[in-house]
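Taking it in order: structure first as structure tokens, then the write-up.
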Amino acid sequence: MNLCEKLDSAIRHVRAKSDLVPEISLVLGSGLGALADHIDGVAIPYAEIPHFPVSTAPGHAGRLLLGNLFGRRVVAMQGRVHLYEGYSPEEVVFPQRVMARMGAKTAVFTNAAGGIGKDLVVGDLVLIEDHLSLAMAAGLDPLRGTNEDGLGPRFVSMNKVYDPALLALAQSLFPSLRRSTYAHNVGPSFEPPALIRMFGAMGCHLVGMSTVPEVIAARHMGQRVLALSAVTNIAVPDLASDHVTSEAEVWESVKIIQPRLLALMRVLIPALPTTRGE
Ligand code: HPA
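Under the numbering used here, the residues of the sequence shown are numbered 934 to 1211, in order.
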């Protein structure tokens, strides 16, 4: 079975539960799944969907949701899968490809991230405007291997991956939102101080273990991308620091961030451009 056939078999399963054609795909990252409560529609466990990888990470419910969110038709992942769970890059992006092939022209991503640099504080929401992934550069690119021309081109530009018009729209609605480069680390070990210093020196103010593979697949399939990081902890650049970055710290912070993210999405989702012909 080739990739298109696998995608179509997954989509057939989803369509049997709901015939909604989504305008927007949404990925709800670590502990950020509360938005799901506002999606009025059906929820399908990943385990039921053919070829879908199943989330094993804590805080990732592992359900695909289809329905209306703040007046727009959405398909949403309540929880994602990560490279660190042992999935291949192709497996990690399979759900994003399903959502794109179902018709979602705009892809919105959220994630929990460490903040790098003294300006950021826990609880901040930051727009991603570029990414730096040593893993993608070193061969974990999800587009590696045979290209299925029916899905997208062999070579995909990584310039303006984070749609400039969507970034401008988000900042026009929320002028205090800042933009930064997201540094991607496969994990699951948190970054050592030397890596944080390196990312910081390269102008990255966010670090996390997700999003980049899915964004690449979204662009391959022609989706317009908007991505937001929730700063759940401040990454430690200093070897002398006694701060211990932990999962508990991340979970504590998402509690503060959930209502902020919800308030933002309530305004942003309805304002996202509609695509003619739908
Ligand atoms: N590093 C990597 N991933 C993360 C972090 C971090 O500091 N915080 C939340 N996800």
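For glycine and all other residues, C-beta sits at the position ideal for the given N, C-alpha and C.
Backbone CA spacing between T1178 and K950 [nearest angstrom]: Straight through space, the alpha carbons of K950 and T1178 are spaced by roughly 41 Å.
Closest by C-alpha distance to G1000, when choosing among G1136, Q1011 and G992: Of all alpha-carbon atoms in G1136, Q1011 and G992, the one lying nearest the alpha-carbon of G1000 is that of Q1011.
Same chain only: Cβ atoms within 7 Å of T1075, ignoring 5 sequence neighbours per side: Looking at the sequence itself, residue 1075 is Pro, so the reference to Thr does not match. Residues P1022, E1023, V1025, V1026, P1146, I1149 and A1150 of the same chain have their beta carbon placed closer than 7 Å to that of P1075, with the five preceding and five following residues left out of the count.
Cβ separation of L898 and L1058, assumed to be a contact under 8 Å, to the nearest whole Å: The requested residue 898 is not part of the displayed model; the chain covers only 934 to 1211.
Contact set for A994: own chain, Cβ-Cβ below 8 Å, skip 5 residues either direction: Once the five neighbours on either side are set aside, the close Cβ partners of A994 are G966, A969, S988, Q1011 and G1012.
Close-in-space but distant-in-sequence residues of the same chain around G1141 (CB under 6 Å, 5 per side omitted): Cβ-Cβ distances below 6 Å link G1141 to N1044 and A1046 in the same chain, with the five nearest sequence neighbours on each side left out; the list follows chain order.
Which listed residue (D1171, I1167 and Q1156) has its alpha carbon closest to that of I1207: Per the sequence shown, the amino acid found at residue 1207 is Thr instead of Ile. The shortest Cα separation from T1207 among D1171, I1167 and Q1156 belongs to Q1156.
Identity of the residue in S1105, P1097, D1171 and M1091 nearest L1128 by Cα: Measuring from the Cα of L1128, the nearest candidate turns out to be D1171.
Enclosing beta strand (DSSP E) for Q1104 [first to last residue]: Counting along the chain, Q1104 falls outside any beta strand (DSSP E), though it belongs to the alpha helix (DSSP H) covering P1097 to L1106.
Per-residue burial, I1189 [other beta carbons within 10 Å of its own, 16 or more giving buried]: Taking all protein chains in view, the Cβ of I1189 is surrounded by fewer than 16 other Cβ atoms within 10 Å, so the residue is classified as exposed.
N1166 Cβ short of 7 Å to ligand 1 heavy atom set: N1166 has its Cβ nearer than 7 Å to a heavy atom of ligand 1.
CA-to-CA distance, S1174 to H984, given in whole angstroms: Whole-angstrom Cα-Cα distance: 44 Å.
Simplified DSSP assignment, three categories, for V947: Residue state, collapsed to three classes: helix.
Alpha-carbon spacing of I972 relative to E938, whole angstroms: I972 and E938 have their C-alpha atoms spaced approximately 28 Å apart.
Three-state secondary structure (DSSP) of L886: Limits of the chain in this structure are 934 at one end and 1211 at the other, which puts residue 886 out of reach.
Nearest-angstrom beta carbon gap, S1162 and L1139 [assumed within contact, 8 Å]: The pair is a contact, with the Cβ atoms about 5 Å apart (cut-off 8 Å).
Proximity winner among V947, R1077, R1006 and P1097, relative to F1088 (alpha-carbon distances): Out of V947, R1077, R1006 and P1097, R1077 has the C-alpha closest to the C-alpha of F1088.
Any non-hydrogen atom of ligand 1 closer than 7 Å to E1124 Cβ: E1124 Cβ: within cutoff of ligand 1.
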